[in-house]
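Visitor:
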Amino acid sequence: MKKYFVVPAVVVLMFSSQGWASGISKPVIIGAKAIGMGGAFTAVADDPTAIFHNPAGITQLKGHHFYLGMDSLLTKLDYTPPGGSTESAKKEFLPVPNFAYTTDIAGPVHLGVGVYFPHGNGGKFDSASAVVSNPLEGRIYSLEIAPTAAMEIVPGLSLGASLRVVRIQTKLKGQLLILPAGLGGGTDTLDDFNVKGWGVGASAGLLAKPADWIAIGANYRSKVKTKLDGDGELAAAGAFDAEFTQILPTLVTAGVAVTPIDILTIALGYGFEHNSEIKEFVVSSPQFPTDLTLAQNWKDSHTIHVGVEARPHDHIAIRAGYARDFNESIPDTVMNRITGDIDAHETSVGLGYIRERYSINGTWNARFGKRDVPVDGTNNVGPGNYDGFVQSITLGVGYTI
Numbered sequence: 021m022k023k024y025f026v027v028p029a030v031v032v033l034m035f036s037s038q039g040w041a042s043g044i045s046k047p048v049i050i051g052a053k054a055i056g057m058g059g060a061f062t063a064v065a066d067d068p069t070a071i072f073h074n075p076a077g078i079t080q081l082k083g084h085h086f087y088l089g090m091d092s093l094l095t096k097l098d099y100t101p102p103g104g105s106t107e108s109a110k111k112e113f114l115p116v117p118n119f120a121y122t123t124d125i126a127g128p129v130h131l132g133v134g135v136y137f138p139h140g141n142g143g144k145f146d147s148a149s150a151v152v153s154n155p156l157e158g159r160i161y162s163l164e165i166a167p168t169a170a171m172e173i174v175p176g177l178s179l180g181a182s183l184r185v186v187r188i189q190t191k192l193k194g195q196l197l198i199l200p201a202g203l204g205g206g207t208d209t210l211d212d213f214n215v216k217g218w219g220v221g222a223s224a225g226l227l228a229k230p231a232d233w234i235a236i237g238a239n240y241r242s243k244v245k246t247k248l249d250g251d252g253e254l255a256a257a258g259a260f261d262a263e264f265t266q267i268l269p270t271l272v273t274a275g276v277a278v279t280p281i282d283i284l285t286i287a288l289g290y291g292f293e294h295n296s297e298i299k300e301f302v303v304s305s306p307q308f309p310t311d312l313t314l315a316q317n318w319k320d321s322h323t324i325h326v327g328v329e330a331r332p333h334d335h336i337a338i339r340a341g342y343a344r345d346f347n348e349s350i351p352d353t354v355m356n357r358i359t360g361d362i363d364a365h366e367t368s369v370g371l372g373y374i375r376e377r378y379s380i381n382g383t384w385n386a387r388f389g390k391r392d393v394p395v396d397g398t399n400n401v402g403p404g405n406y407d408g409f410v411q412s413i414t415l416g417v418g419y420t421i
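In structure tokens form, the structure reads like this:
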């Protein structure tokens, strides 16, 4: 029989957005307009959230632009173990703020800074699972601060880049553990686990406009590798110090946007998350005689995005979008009821009210899907059926000076 310690639940949780992602992140995030267009925003990138989606896009913004947004997540997560009754996570309202500012005060060089939470949600259950490897509660928070610069190199071609300073914090509670012989064997319960740390990465974007009616965009977000430090407490064995080496995988997006008539924009996008960079997880502690290592062998994820924006009036924008994941990234062997990795569908609708100096945008988004993890002896720690329906309501306010 395989023996697991903290690694199966803790380190999988550290990489999962609990928004029922495909891999490490929910593909449609950051900004009411971008979400309203289904995340097909790499080639549009015409508001301050371009700092996240494609930093080259901020060259389209003249003057000083401010953006303040709030994503409110409404979660519904159900897990049904083999032969058991459905276990439902608590329905929660999770606010996730974001902010961006851009300026052309430096002449041909456009500057900006973005503050956002690519991961900012979690899962919480009232009672223990019929599958003992499932935890009670998990949270992940990642804050990203991104100073940005961009320039139109030649007419119709802009380049941009961001420095990404990332703060990550992860918590886990109520995890039953099977201890390896080196730690005394038997079982114990992880009452609390809390690790956090800073990491640094970069992003680089390109935006080309060969004609007024078409734009082509691409964005590269580098891998972030950092150590999270913190502590944990076992019900019987007591407190321990913990260190975890975390990798946020490389993310590459590309897209095209066309404006066949003045009042209509159609955008397509593709996202590639290089999740195969995550090959194993390692937890270290001075109290452990050896590092705890678990093979992962995640798969790369692929997502398509489609979005439209119609402008029936100078002051009104109507948006709709769709996104589809083509595969799950987290293997069956490490899936549990908190992890939430599903190759899901996403749909969005949104409205915008635009004036000369300000804009107000609202969007509704839903991500939904199912996954079955088969019973496979002791290899799959969380067999059963997973059913997720996560809604987000996003409000964004922009102001230009």
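This note's numbering puts the first residue of the sequence shown at 21, with every later residue one more than the last.
Beta carbons are placed, not taken as given, at the ideal position from N, Cα and C, and that holds for glycine.
Quick caveat: nothing in here was measured; it's all calculated off a predicted structure.
1. Leaving out five residues on either side along the sequence, give the residues of the same chain with a beta carbon under 8 Å from the beta carbon of R377.
2. Give a yes or no on contact between the segment 303–311 and the segment 328–336, applying the rule of three or more CB pairs nearer than 8 Å.
3. Ignoring anything shorter than 3 residues, give me the beta strand (DSSP E) runs that lie fully in the segment 280–327, in order along the chain.
4. Report buried or exposed for G404, applying the criterion of at least 16 other Cβ atoms within 10 angstroms of its Cβ.
5. So A257 and A222 are in contact, right, with Cβ under 8 Å, and what is the actual spacing, rounded?
6. So, is Y99 buried or exposed, given that buried needs 16 or more other C-beta atoms within 10 angstroms?
7. Which residue or residues does DSSP assign as beta-bridge partners of K144?
8. I'd like to confirm the pairing. Which residues does DSSP put opposite S223 in its beta bridges?
9. I'd like the list of long-range same chain contacts for R241, defined as Cβ closer than 6 Å, with 5 residues on each side in sequence excluded.
10. Would you say D76 and L183 are within 8 Å of each other, going by their C-beta atoms?
11. Report the three-state DSSP secondary structure of F72 (helix, strand or coil).
12. What is the DSSP secondary structure of G89, reduced to helix, strand or coil?
13. Going by beta-carbon coordinates alone, are V185 and I160 separated by less than 8 Å?
14. From the DSSP output, which residues share a beta bridge with M171?
15. Thinking C-beta only, is V393 closer than 8 Å to K18?
16. Give me the DSSP bridge partner(s) of V135.
17. Rank K111, L288 and N118 by C-alpha distance to the C-alpha of V417 and give the top, closest one.
18. Measure the C-alpha to C-alpha separation of V30 and L192 and round it to an integer number of angstroms.
19. Is A262 helix, strand or coil by DSSP?
20. Below 7 Å, is the gap between the Cβ of Q316 and the nearest heavy atom of the ligand PLP?
21. Please report how far the alpha carbon of P230 lies from the alpha carbon of L197, in whole angstroms.
22. Looking at the unbroken alpha helix (DSSP H) that takes in G56, where does it start and where does it end?
23. Just to confirm my understanding: we take I336, look at its own chain, exclude 5 residues before and 5 after, and list those with CB closer than 8 Å. What are they?
24. Quick check: the segment 142–155 against the segment 166–177, are at least 3 beta-carbon pairs closer than 8 Å?
Guide: Reading it off the structure:
1. Y419, T420 and I421
2. no
3. 284–293, 300–304 and 312–315
4. buried
5. That belief does not hold up - the Cβ atoms of A257 and A222 are roughly 41 Å apart, past 8 Å.
6. buried
7. E157
8. S182 and R241
9. S223 and L271
10. Reading off the sequence, residue 76 comes out as Ala, not Asp. No, the Cβ-Cβ distance between A76 and L183 is not below 8 Å.
11. helix
12. strand
13. no
14. V129 and L179
15. Since the first and last residues shown for the chain are 21 and 421, residue 18 lies out of range.
16. F119 and I165
17. N118
18. For V30, the predicted structure reports a pLDDT of 45, less than 50, and the residue's modelled location is therefore unreliable. A value from the coordinates is still provided. Whole-angstrom Cα-Cα distance: 7 Å.
19. strand
20. Ligands in the displayed structure: none, and consequently the ligand PLP is not present.
21. 58 Å
22. A52 to G56
23. L371, G372, Y373 and I374
24. no
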